[in-house]
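Engineer: Quick one: the structure is below, and I'll ask about it shortly.
Residue numbers (the working numbering), protein chains in the order written: chain A, 1 to 218; chain B, 1001 to 1356.
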């Protein structure tokens, strides 16, 4: 324990930098993927052929090992191996593969009679999408967002293996120092804490956005 | 007035849901489309607010072709109630009811405050306004559905199997409530149901639809019961149609006998206040099996007469005092002459129709 504190005392600045980098490397891809998944999920929900292509592509993307993807991307994107953009793109792809599916599932789960009622009330399509369809799909969409966010927080650690920052650096350093525990433990604790905080924040968001989804569970 | 003019709906796979339907729905009345499932009644209904577009033919509301107006605008002028209510689960009861006025540009605050008044109008208490639909019973949800359809005060109301998803007791309540509301509002209502009893109870006019929404008969419910146009209508109407038809006749049309009129050795005995106690005769005091008041229909009166040991239904005034008797034989004579008149009138109108 005292080792941990002394490590933190001498390397506090580095740890903080790693933490900050970890946060944005994990969350930026989720944010991008979330925004992209709404229109893509809508397409998948609406058109059956698109559904097959998109969901198969998503499954394939998910099976590509993350390390391999990180090494392949510079060749495809023309970036340097050390560019954080590789990590952002890779994690965006993973998040997208997950979120497009949950968004489509969320939209599928909306009761069609409710949508018909909305149309019959005199909603035009765009307004119906934002006022009725999207809010009703939100519980499922936000559940997907939780999974994607937590998965990303843990997956960013891989970035350290290709020399990009984040809390993963603490693991690689611990190994380099002959399995020196303090940075490893610190990295683990911070990374888990980060995942938990992100998860709690989304749950709070969920409760705020969809108070109705808990109504009726009497 | 809603007019169907040669309306046909043919789907790409060749099925014809509605085949050349021509029919006029009168303003301020409840018109019921009734028929077996798949007969095209719902398709016909949903063409009125352009949820389904006809393949050919046209529909006019008060003389205007409905396709001349933008769909969304048209729909905001037509209330719509569906089976299971179809409420928005993510909005409170009040916001559900306020939907159409808000779409039409009324401020949220004004729309919500008039929604509150509507809740009471459909028999709900104001404190339900802040609940979500999932927190209401099926019957309450259906009432909210009716309130939502009425919120923008549309002249036309479309109801698609509105009471099918609730149990019989609640359905009975809701039907009664609809008739009461219609008495106050006088909307032009088109209601679709597969339940002939509901059709007979609610309709000013009933269109019995066969496959392809072909009107097998389009007439007031009393006429449909008295004289079904063909075997299809007769089978749909089912048993006891003569007896059920009595519910459309006024019980007061039968000449009354005074309460001291003895029947077959039985006389009505009343207490000090004049309330009926029973029929006194050689076997002692026999029960009256109930009594009727002003406004009762002939079916109720006939039922009482049948149950009575004297073959006489007892009429009472507002205070419950016996003030007259309807004898089974008077009732029978009246029913017979009414049915004869009705059939004669129908025969005349049919032969006129054929000639024209």
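Glycine is no exception: its CB is placed at the ideal position from the N, C-alpha and C atoms.
#1: With residue 1357/B as the anchor, note down where its alpha helix (DSSP H) starts and where it stops.
#2: Alpha carbons only, please: which of 1248/B, 1138/B and 1145/B is nearest the one belonging to residue 1342/B?
#3: Could you check if residue 1245/B is buried or exposed, using at least 16 other CB atoms within 10 Å of its CB as the buried criterion?
#4: If distances are taken between C-alpha atoms only, which option among 76/A, 67/A, 27/A and 99/A comes closest to residue 39/A?
#5: With a threshold of 8 Å between beta carbons, is residue 1103/B in contact with chain A?
#6: Quick one: what does DSSP say residue 1250/B is sitting in, helix, strand or coil?
#7: Taking only runs that begin and end inside the segment 1286 to 1350 of chain B, name each unbroken beta strand (DSSP E) of 3 or more residues, in chain order.
#8: Measuring only between beta-carbons, confirm whether residue 1183/B sits less than 8 Å from chain A.
#9: Going by DSSP, what residue range makes up the beta strand (DSSP E) through residue 1033/B?
#10: Taking the alpha carbon of residue 20/A as the reference point, which residue from 167/A, 9/A, 10/A and 174/A has its own alpha carbon closest?
#11: CA-CA distance, residue 1356/B and residue 1252/B?
#12: Closer than 8 Å by beta-carbon distance: list the chain A residues that pair up with residue 1072/B, in chain order.
#13: Please report the Cβ distance between residue 45/A and residue 108/A, rounded to the nearest whole angstrom; I am assuming they are in contact, meaning their Cβ atoms lie under 8 Å.
#14: Helix, strand or coil for residue 160/A per DSSP?
#15: Note down, in chain order, every chain A residue with its Cβ under 7 Å from the Cβ of residue 1075/B.
#16: Check whether chain A comes within 8 Å of residue 1356/B, counting only Cβ atoms and requiring the distance to be less than that.
#17: Check residue 1080/B in the structure and name its three-state DSSP category.
#18: Check the DSSP bridge columns for residue 1120/B and list the partner residues they point to.
#19: For residue 1298/B, tell me which candidate among 1280/B, 1282/B and 1328/B has the shortest Cα-Cα distance.
#20: Label residue 63/A either buried or exposed according to how many other C-beta atoms from any shown protein chain fall within 10 Å of its C-beta, with 16 as the threshold for buried.
#21: Does residue 1129/B come out as helix, strand or coil in the three-state DSSP assignment?
#22: Is it buried or exposed for residue 193/A, if we count other Cβ within 10 angstroms and need 16 for buried?
#23: Exposed or buried, which one is residue 112/A when buried takes at least 16 other CB atoms within 10 Å?
#24: What's the gap between the Cα of residue 1228/B and the Cα of residue 1036/B?
#25: Please work out which residues of its chain come closer than 7 Å, Cβ to Cβ, to residue 1255/B, disregarding the five sequence neighbours upstream and downstream, and give them in chain order.
#26: Which ranges would you report for the beta strand (DSSP E) in the segment 1138 to 1187 of chain B if only whole runs of at least 3 residues count?
#27: Could you compute how far the alpha carbon of residue 65/A sits from the alpha carbon of residue 165/A?
#28: Leaving out five residues on either side along the sequence, give the residues of the same chain with a beta carbon under 6 Å from the beta carbon of residue 1171/B.
Structural biologist: Taking the geometry as given:
#1: The requested residue 1357/B is not part of the displayed model; chain B covers only 1001 to 1356.
#2: 1248/B
#3: buried
#4: 99/A
#5: yes
#6: DSSP places residue 1250/B in the strand class (E or B) of the three-state scheme.
#7: 1312 to 1316 and 1322 to 1327
#8: Closer than 8 Å: no.
#9: 1030 to 1034
#10: 167/A
#11: Unreliable positioning characterises residue 1356/B in this predicted model, as indicated by a pLDDT of 40, which lies under 50. The coordinate reading is nonetheless provided below. So the two alpha carbons sit approximately 38 Å from each other.
#12: 122, 123 and 124
#13: 6 Å
#14: helix
#15: 120, 121 and 122
#16: Low confidence applies to residue 1356/B: its pLDDT is 40, below 50, so where it sits in the model is not reliable, and the reading given next is rough at best. Residue 1356/B does not count as touching chain A.
#17: Strand, per DSSP.
#18: DSSP, once it has assigned bridges, lists no residue as partnering residue 1120/B.
#19: 1328/B
#20: exposed
#21: helix
#22: exposed
#23: exposed
#24: If you take the alpha carbons of residue 1228/B and residue 1036/B, they lie about 16 Å apart.
#25: 1330
#26: 1156 to 1160
#27: 19 Å
#28: 1163
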